[in-house]
Amino acid sequence: MLGSLPLAFLAATASAASISARTEPVRPRWQPGSTPIRGVNLGSQFIVEPWMAADAWRDMGCGSAGDEWTCVQNLGQDKADAAFKKHWASWVTKDDISKIASLKLNTVRIPVGFWIKEDLVDRSSEHYPRGGLEYLDKIAGWASDAGLQIIIDLHGGPGSQSKDQSFTGHGTSNPGFYTQANFERANKFLEWMAERIHKNKNYRNVYALQVMNEPVHAGEFPSQAADMVKNFYPAAWSRIRNREKSLGVAAKDQLNIMYMGQSWGSGDPASHLPADHALLSTDDHKYYRWDPQFGEGSSRQDYLSAACADNGHGRSVVGEWSLQVATDSGDDKRWSPKGNENNADLKTFYRQFWGAQAQAYEKAGGWVFWSWKCNWIGGFSEYRWCYEAAVDAGVIPKDATSAKSVSPCK
């Protein structure tokens, strides 16, 4: 057993401690429960990914820039800061949070970059927007007020933790995170965020702090992955727990510390942690879009059968997943909603695909769909990646607890 409480099955009580953030830690009273995580990611809020936010990216003046770093470089710091502030104020609003709660979702995962703690950025050589923390505070407060659980996810690490990915904030062919200096910057971020979570009442419903999203795979970058698991992972654990200890946080009020699970391919996250690593949570990402077992000859039934048979996530939360299939080459009417939005048969398939996946992931810790919102992926309303659009299209039910009722699985 990895901990004294069930992993990720934690729900907040309706009332939060009303302790001044300036005097002592806010102490949310978490209680173990049997309800699985059912949530959405707030993707492209604090790290904009142009592929899923094309209109917003264009309106910000970022043009053909592939990531936030390049946009800030191109616009200049002051102009970029103004553009990003408009985006942060409009992409996820209080109304979005209310709608999320109304759909009987219980969790939001909030991806952030390390640069939201601005003193960690080397302004002489790094290019990131400034001013995001104010908006993170607001969203966390809205989510807490709405009774939603929160995962704060370090999605973009110092130096970039993954190859050629806009979600790191700076796409690069040589991920630079894997140095002691950048490990240290990430740990400073994590202990700072842990303190903010415990001392700022807006964060009272945060139950997990994820130390790093989607690092490199051991198969492609073996030495970097091994160094991270051996050195960064246990240091991150100690820094978070030591900061909590210094704040006087009781064991029952400590954060779940979340790592990408062993199935991600970077190694066993628990292999170098202290023996008593209670409140360890693991995150798995399941995208059929990149599953090598599927190809052009795959049928709808093949996808549904695979989802129904999925029972391999252990006690992890599936922190990212979608309805995108590998066999869609773009405009294929068998699969794509593009120009095909009113195809009832297609919608029925994707509704069943949602239900089968959600039902499977609820056998473990639950699920967090990628993502809540997007706009005009590939020039059309792509509901396979956008929970809000899928609900509006009638593909995902308005009741997130209803997976079993729409799933084709026996």
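The sequence shown runs -16 to -1, 1 to 394 under mature numbering (1 follows the signal peptide of the UniProt record, and there is no 0).
Even for Gly, the Cβ is constructed at its ideal location relative to N, Cα and C.
Could you pull the DSSP bridge partners for residue i from this structure?
i    : result
L193 : I136, I241
T152 : For T152, which the question treats as bridged, DSSP gives no partner whatsoever.
G23  : T91, V352
I361 : F364
V96  : L138
Check whether the Cβ atoms of residue i and residue j sit closer than 7 Å, and answer yes or no.
i           : j    : result
A220        : G251 : no
Q29         : N90  : no
A192        : M242 : yes
K88         : A384 : yes
residue 448 : I31  : Given a span of -16 to 394 for the chain in the structure shown, any question on residue 448 remains unanswerable.
G47         : L59  : no
D65         : G140 : no
P253        : Y217 : yes
E179        : R225 : no
Y345        : W338 : no
D103        : N197 : no
A303        : D267 : What sits at residue 303 in the sequence shown is Gly, not Ala. Yes, the pair counts as a contact, with Cβ atoms nearer than the cut-off.
Y162        : D121 : no
A38         : W360 : yes
R299        : A262 : no
D329        : S320 : no
F151        : E325 : no
P199        : Q246 : no
N171        : R223 : yes
For the beta strand (DSSP E) that residue i lies in, which residues bound it at each end?
i    : result
S43  : First, the residue type needs correcting, since residue 43 is Asp and not Ser in the sequence shown. D43 -> not in any beta strand (DSSP E); alpha helix (DSSP H) instead, spanning 38 to 43.
S391 : Careful: S391 lies outside any beta strand (DSSP E) and carries neither H nor E.
V302 : 301 to 305
K270 : 264 to 270
Excluding the 5 residues flanking residue i on each side, which residues of the same chain have their C-beta closer than 7 Å to its C-beta?
i    : result
V92  : G23, V24, L26, I84, A127, L132, I134
R6   : Any reading at R6 is ruled out, since the residue's pLDDT is 31, under 50, leaving its predicted position unreliable.
A155 : One detail in the question is off: residue 155 reads as Gly in this sequence, not Ala. G50, D51, D148, Q149.
W294 : A small correction: the amino acid at residue 294 is Asp; Trp does not occupy that position in the sequence shown. So the list reads A344, once near-sequence residues are dropped.
S157 : K147, D148
Got a sec? Which residues, its chain only, sit under 6 Å from residue i by beta carbon, not counting five neighbours each side?
i    : result
A374 : Y367, I380
L117 : I100
V105 : W99, Y112
A387 : G339, A342, Q343
P258 : none
R335 : V379, V390
S365 : A373
I94  : L26, I136
G125 : N186
G279 : none
C292 : A340, C393
In chain order, what residues of the same chain lie with their CB nearer than 8 Å to the CB of residue i, ignoring the 5 residues before and after it?
i    : result
V76  : L26, Q29, I123, W356, K357
G203 : G249
W369 : M36, S306, L307, Q308, W354, S355, C358, I361
A130 : I81, S82, I84, A85
Would you mind reading off the limits of the alpha helix (DSSP H) that contains residue i?
i    : result
T332 : 328 to 345
Q285 : 284 to 293
C55  : 52 to 59
K229 : 217 to 230
H182 : 164 to 183
P206 : 206 to 211
K122 : 117 to 129
A85  : 78 to 86
E372 : 371 to 376
Can you grab the Cα-Cα spacing for the pair residue i / residue j, in whole Å?
i           : j    : result
S391        : K331 : 13 Å
P16         : R318 : In this prediction, P16 scores a pLDDT of 44, lower than 50, which makes its location untrustworthy; no coordinate-derived value is stated.
Q277        : Q285 : 14 Å
S74         : P142 : 26 Å
E8          : F173 : Residue confidence for E8 is low, a pLDDT of 43 falling below 50, so the modelled location carries little weight; the figure read from the coordinates is stated next. In a straight line, the C-alpha of E8 is about 20 Å away from that of F173.
W176        : F167 : 14 Å
R188        : A234 : 15 Å
K69         : Y119 : 8 Å
W274        : A310 : 6 Å
V190        : I181 : 7 Å
C393        : Q194 : 32 Å
T54         : N215 : 31 Å
residue 457 : A290 : The structure shown does not extend to residue 457, since the chain is modelled only from -16 to 394, so the question has no answer here.
F205        : D376 : 41 Å
V56         : P159 : 20 Å
residue 395 : D43  : Summary: the structure shown does not reach residue 395, with the chain confined to residues -16 through 394, and so no result is reported for it.
S207        : R169 : 20 Å
S255        : K382 : 41 Å
E110        : F333 : 45 Å
D260        : Q164 : 25 Å
At least one CB of chain C closer than 7 Å to the CB of residue i: is that the case?
i   : result
I31 : The chain inventory of the structure shown lacks chain C, comprising one protein chain alone.
Quick one: does the C-beta of residue i sit closer than 6 Å to a heavy atom of the ligand FAD?
i    : result
T385 : The ligand FAD is not part of this structure, which contains no ligands at all.
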